[in-house]
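Colleague:
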């Protein structure tokens, strides 16, 4: 019967189904299997989902009770609905009593004892256990790295789509310890909308005994369409990115919080327009353009934070797609304490548009920023109470506790959309559908090498 339906009708029906239902439909017949696994349908389904379905929030953490990593999907509006806190309780007796019971139950059992409040995302546990650090996510793909193994010789990456139970291991990078000596790396993951390709960028800072010369760097990039690593031509990054800095992907570029290299001196600006070469320390945002595969000019941070050394800050994206900064340690500038303030860049790339939204204090201080909820709440990990995750709501100025205790490094929060991306990947190389004006799933596939 399905053979009698026009292909556009089949596509229109299938694209509205959940990902797991679409995967089951691949078993209906060869025609549907070929259609669903085509790049044409994967892209069509993704575009339909992005336009018609609000994204979830993806939360990653190590469950101490189950002793395993978990990936869960949460409502972007209220991801942790049982984050009851005494200050938020209604004072009417009946409501107070009921919510107090909820609070005690949540405190005793933990947030993940209530399956109606989240969706357990199927994942390849043997992959997640080893590749536990998330570099980034986009269009349903997670870029994971094995942090324990990478310290021995090189970084080992995996691209994983938990919605379709598929993961591919990336080839060994070109820059390794046995060929280049000691180094540390910064990594980023993103998407090239001009080629519909997914890319991983890797920056290696080579160790040098000299304290007066710039730190030598090498940059390489992996593209899913080719399945190989290749070097990126100089110039390298216009700033130093501390090890294990968590990047964000926004406007086609990867952003890291870094600082200028004090060993680069000279009165003139960088001839490549990447920033000042005056030997003065500055906190900056380093930007790598995934489309043109070049480093853009560094972005300035708020002026009050620019010259503060040893400053820990989290860079993130707030709900409206703006770049945000949150200092994770107290800063004293002109005898004023600039503690735990949230800054947002209202106009992308314009330093003067940095706006200080609000200040907040968390007992014990902040260890790291995890992310932002859609309503503007910021999720942070505290230095106190066994490094708990807490939410700060700026309107009511209250702090709530979702009762999630997990190793700090395992916590990750970002928007997530379920997709079929990677369904057409074989051995780490993306097979692209040859699509013309009369696009049909019966067309052949060409492998881009």
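Residue numbers (full-length UniProt numbering): 1 to 449. We put the CB at the ideal spot given by N, CA and C, even for glycine.
(1) State buried or exposed for residue 231, treating a residue as buried only when at least 16 other CB atoms are found within 10 Å of its CB.
(2) Cβ of residue 400 versus every heavy atom of the ligand MG: is any distance shorter than 8 Å?
(3) How is residue 309 classed by DSSP in three states: helix, strand or coil?
(4) For the putative contact between residue 348 and residue 251, defined by C-beta atoms under 8 Å, what is the C-beta separation to the nearest angstrom?
(5) If you draw a straight line from the C-alpha of residue 425 to the C-alpha of residue 45, how long is it?
(6) Pull up the DSSP beta-bridge partners for residue 393, would you.
(7) In the DSSP assignment, the alpha helix (DSSP H) including residue 46 goes from what residue to what residue?
(8) If we require 4 or more residues per run, which alpha helix (DSSP H) segments fall completely within the stretch 167-228?
(9) Within 10 angstroms of its Cβ, does residue 335 collect 16 or more other Cβ (buried), or is it exposed?
(10) Residue 357 and residue 371 - do their beta-carbons sit closer together than 9 Å?
(11) Comparing alpha-carbon positions, which option in 80, 37 and 366 lies nearest residue 58?
(12) Distance, Cα to Cα, residue 31 vs residue 41?
(13) Return helix, strand or coil for residue 243, following the three-state DSSP convention.
(14) Relative to the C-alpha of residue 55, which residue among 285, 184 and 137 is closest?
(15) According to DSSP, what are the bridge partners of residue 155?
(16) Look at the alpha carbon of residue 19 and the alpha carbon of residue 70, and state the distance between them as a whole number of angstroms.
(17) Residue 422 and residue 166: beta carbons closer than 9 Å?
(18) Taking only the alpha-carbon atoms, compute the straight-line gap between residue 90 and residue 397 and give it to the nearest angstrom.
(19) Roughly how many angstroms separate the alpha carbons of residue 11 and residue 225, rounded to a whole number?
(20) Give a yes or no on whether the C-beta atoms belonging to residue 315 and residue 237 are separated by under 9 Å.
(21) Using the beta-carbon count (16 or more within 10 Å), is residue 68 buried or exposed?
(22) Sort 162, 60, 157 and 327 by Cα distance to residue 140 and report the nearest one.
(23) Mind checking who residue 63 pairs with in its DSSP beta bridge?
(24) Restricting to Cα atoms, I'd like to know which of 374, 415 and 326 is closest to residue 380.
(25) Which term fits residue 292, buried or exposed, when burial requires 16 or more other beta carbons within 10 angstroms of its beta carbon?
(26) Residue 17 lies in the alpha helix (DSSP H); which residues open and close that run?
(27) Does the distance from the CB of residue 220 to the CB of residue 164 come in under 9 Å?
(28) Helix, strand or coil for residue 73 per DSSP?
(29) Whose CA, out of 133, 8 and 168, lies closest to the CA of residue 227?
(30) Helix, strand or coil for residue 406, going by three-state DSSP, please let me know.
(31) Does DSSP put residue 119 in a helix, a strand or coil?
(32) Using three-state DSSP, classify residue 362 as helix, strand or coil.
(33) In this structure, what does DSSP give as the bridge partners for residue 137?
(34) Between which two residues does the alpha helix (DSSP H) containing residue 450 stretch?
(35) If you compare alpha carbons, which of 29, 47, 9 and 259 is closest to residue 420?
Modeller: A quick look at the data gives this:
(1) Here the question's residue 231 lines up with position 231 in the chain shown. It is exposed - the Cβ of residue 231 has fewer than 16 other Cβ atoms within 10 Å.
(2) Ligands displayed in this structure: none; no statement on the ligand MG is therefore possible.
(3) Counted from its first residue, the chain shown places residue 309 at position 309. Here residue 309 sits in coil by DSSP.
(4) The residue you call residue 348 lines up with position 348 of the chain shown. The residue you call residue 251 lines up with position 251 of the chain shown. About 6 Å separates the two Cβ atoms, so the contact holds.
(5) Taking the chain shown and counting its residues from 1, one reaches residue 425 at position 425. Taking the chain shown and counting its residues from 1, one reaches residue 45 at position 45. Distance between the alpha carbons of residue 425 and residue 45: 16 Å.
(6) Taking the first residue of the chain shown as 1, we reach residue 393 at position 393. As a beta-bridge residue in DSSP terms, residue 393 pairs with 398.
(7) Along the chain shown, one-based indexing puts residue 46 at 46. Unbroken alpha helix (DSSP H) run through residue 46: 39-52.
(8) 177-180
(9) Along the chain shown, one-based indexing puts residue 335 at 335. Annotation note: pLDDT 43 at residue 335 (below 50); position unreliable, coordinate value reported separately. Residue 335 should be labelled exposed.
(10) Counted from its first residue, the chain shown places residue 371 at position 371. Counted from its first residue, the chain shown places residue 357 at position 357. For residue 371 and residue 357, no; Cβs fall outside 9 Å.
(11) Counting from 1 along the chain shown, the entry for residue 58 is found at position 58. Considering only alpha carbons, the answer is 80.
(12) For this step, residue 31 is matched to residue 31 along the chain shown. For this step, residue 41 is matched to residue 41 along the chain shown. The alpha-carbon atoms of residue 31 and residue 41 are separated by roughly 12 Å.
(13) Counted from its first residue, the chain shown places residue 243 at position 243. DSSP places residue 243 in coil when its eight states are reduced to three.
(14) Start at 1 with the first residue of the chain shown, and residue 55 comes out as number 55. Nearest of 285, 184 and 137 to residue 55, Cα basis: 137.
(15) Residue mapping note: residue 155 aligns to position 155 of the chain shown, counting from 1. In DSSP, residue 155 forms no bridge with anything.
(16) Position 19 of the chain shown, counted from the start, is the residue given in the question as residue 19. Position 70 of the chain shown, counted from the start, is the residue given in the question as residue 70. Computed Cα separation, rounded: 19 Å.
(17) Here residue 422 refers to the residue found at position 422 of the chain shown. Here residue 166 refers to the residue found at position 166 of the chain shown. Residue 422 is a Cβ neighbour of residue 166, given a cutoff of 9 Å.
(18) If you number the chain shown from 1, residue 90 lands on position 90. If you number the chain shown from 1, residue 397 lands on position 397. With a pLDDT of 38 at residue 90, under the threshold of 50, the modelled position of that residue is not reliable, and no figure is offered here.
(19) Within the chain shown, residue 11 is the residue found at index 11, counting from 1. Within the chain shown, residue 225 is the residue found at index 225, counting from 1. Their Cα atoms are separated by approximately 24 Å.
(20) Taking the chain shown and counting its residues from 1, one reaches residue 315 at position 315. Taking the chain shown and counting its residues from 1, one reaches residue 237 at position 237. Not in contact: residue 315 and residue 237 (Cβ atoms no closer than 9 Å).
(21) Locating residue 68 in the chain shown gives position 68, counting from the first residue. Classification for residue 68: exposed.
(22) For the purposes of this step, residue 140 is taken as residue 140 along the chain shown, with counting starting at 1. The option with the nearest alpha carbon to residue 140 is 162.
(23) Along the chain shown, one-based indexing puts residue 63 at 63. According to DSSP, which records beta bridges pairwise, residue 63 is partnered with 68.
(24) Stepping through the chain shown from its first residue, residue 380 is reached at position 380. Among 374, 415 and 326, the Cα nearest to that of residue 380 belongs to 326.
(25) Taking the first residue of the chain shown as position 1, residue 292 is located at position 292. When all chains shown are included, residue 292 counts as exposed.
(26) Stepping through the chain shown from its first residue, residue 17 is reached at position 17. Neither: residue 17 is in no alpha helix (DSSP H) and is coded neither H nor E.
(27) If you number the chain shown from 1, residue 220 lands on position 220. If you number the chain shown from 1, residue 164 lands on position 164. No, these two residues do not count as a Cβ contact at 9 Å.
(28) As a working note, residue 73 is residue 73 in the chain shown. Residue 73: strand per DSSP, three-state reduction.
(29) Locating residue 227 in the chain shown gives position 227, where the first residue counts as 1. For the residues 133, 8 and 168, the minimum Cα distance to residue 227 belongs to 168.
(30) Along the chain shown, one-based indexing puts residue 406 at 406. The answer is coil: DSSP assigns residue 406 none of H, G, I, E or B.
(31) Counting from 1 along the chain shown, the entry for residue 119 is found at position 119. DSSP places residue 119 in strand when its eight states are reduced to three.
(32) The residue you call residue 362 lines up with position 362 of the chain shown. In the three-state reduction of the DSSP assignment, residue 362 falls in the coil class, being assigned neither a helical nor a strand state.
(33) In the chain shown, counting from the first residue as 1, residue 137 sits at position 137. For residue 137, which the question treats as bridged, DSSP gives the partners 142.
(34) Examination of residue 450 is not possible in this model, given that the chain is present from 1 through 449 alone.
(35) Locating residue 420 in the chain shown gives position 420, counting from the first residue. Of the listed residues, the one whose Cα sits closest to residue 420 is 47.
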